[in-house]
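Enquirer:
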Amino acid sequence: IIQGLARLAGGGSENKPVPVYDLPAARDLPPPGKPPQGHLVVPEPTALVLFDTQRILIRGAGGGTLPAANGQWSDSLPKLIQAKVIQTFENAGYGGAVSRPLEGAAADWQLVLDIQGFHVSASGTPEAEVELSAKLLAQDGRIVASQTVRSTIVARTTDAPDAVAG
Numbered sequence: 208i209i210q211g212l213a214r215l216a217g218g219g220s221e222n223k224p225v226p227v228y229d230l231p232a233a234r235d236l237p238p239p240g241k242p243p244q245g246h247l248v249v250p251e252p253t254a255l256v257l258f259d260t261q262r263i264l265i266r267g268a269g270g271g272t273l274p275a276a277n278g279q280w281s282d283s284l285p286k287l288i289q290a291k292v293i294q295t296f297e298n299a300g301y302g303g304a305v306s307r308p309l310e311g312a313a314a315d316w317q318l319v320l321d322i323q324g325f326h327v328s329a330s331g332t333p334e335a336e337v338e339l340s341a342k343l344l345a346q347d348g349r350i351v352a353s354q355t356v357r358s359t360i361v362a363r364t365t366d367a368p369d370a371v372a373g
């Protein structure tokens, strides 16, 4: 009770700010071939509510997921992935052919992403796990290509800095 009253009056221990982490976009990409035909739009990825967060997620041995206590992403995960995918296309030399959805702009192609996994598994050896589903849609909404990409890499620990490095 005394600690609660002290905090209410502006006293007590200060909360430390939580470190904020960003994802890097791919950089050292091969030079672009012929320029792409048309305009590619990358909408915000879809995700379960679990992944629509700024929290760095740790999945326990029992399957439950908790946030890392010592860090968070710089934006909600879907927005962060959208920004980094667009930045990767820009880094590859396709900056004039890719964007977020823009009001009034017609898209020739859409890259629709779904976040199916983005966490560090704490069962056994910690592993960073990412799973994304991608669909390329033509202007008429027809799916012309699709692929699910899954990657895991060993993380040193489940602390936020090591989870982010994974």
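All residue numbers for the sequence shown refer to the working numbering, where the first residue is 208 and numbers rise by one.
Idealized CB from N, CA, C, for every residue including glycine.
1) Identify whether residue 256 lies in helix, strand or coil by the three-state DSSP scheme.
2) Can you say whether residue 317 is buried or exposed, counting buried as having 16 or more other CB atoms within 10 angstroms of its CB?
3) Along the chain, where does the beta strand (DSSP E) that runs through residue 342 open and close?
4) Closest by CA to residue 299, which one among 364, 237, 349 and 365?
5) Which of the three DSSP states, helix, strand or coil, is assigned to residue 319?
6) Alpha carbon to alpha carbon, how far is residue 365 from residue 288?
7) For residue 314 versus residue 245, is the C-beta distance shorter than 9 Å?
8) For residue 327, count the other beta carbons within 10 Å of its own beta carbon; 16 or more makes it buried, fewer makes it exposed. Which is it?
9) May I ask you to report which of helix, strand or coil DSSP gives residue 352?
10) Who does residue 330 pair with in a DSSP beta bridge?
Expert: So, to answer that:
1) The residue given as residue 256 occupies position 49 in the sequence shown. The answer is helix: DSSP assigns residue 256 an H, G or I state.
2) Position 110 of the sequence shown, counted from the start, is the residue given in the question as residue 317. Buried, by the Cβ-count rule.
3) Locating residue 342 in the sequence shown gives position 135, counting from the first residue. Residue 342 -> beta strand (DSSP E) spans 334-345.
4) Taking the first residue of the sequence shown as 1, we reach residue 299 at position 92. Of 364, 237, 349 and 365, the residue nearest in Cα terms is 237.
5) As a working mapping, residue 319 is identified with position 112 in the sequence shown. Of the three classes helix, strand and coil, the one that applies to residue 319 here is strand, per DSSP.
6) Within the sequence shown, residue 365 is the residue found at index 158, counting from 1. Within the sequence shown, residue 288 is the residue found at index 81, counting from 1. The straight-line gap from Cα to Cα measures roughly 21 Å.
7) One-based indexing of the sequence shown puts residue 314 at position 107. One-based indexing of the sequence shown puts residue 245 at position 38. In contact: residue 314 and residue 245 (Cβ atoms closer than 9 Å).
8) Here residue 327 corresponds to residue number 120 of the sequence shown, with the count starting at 1. It is buried - the Cβ of residue 327 has at least 16 other Cβ atoms within 10 Å.
9) Position 145 of the sequence shown, counted from the first residue, corresponds to residue 352. Looking at residue 352 - three-state DSSP - the assignment turns out to be strand.
10) Position 123 of the sequence shown, counted from the first residue, corresponds to residue 330. According to DSSP, residue 330 bridges with nothing at all.
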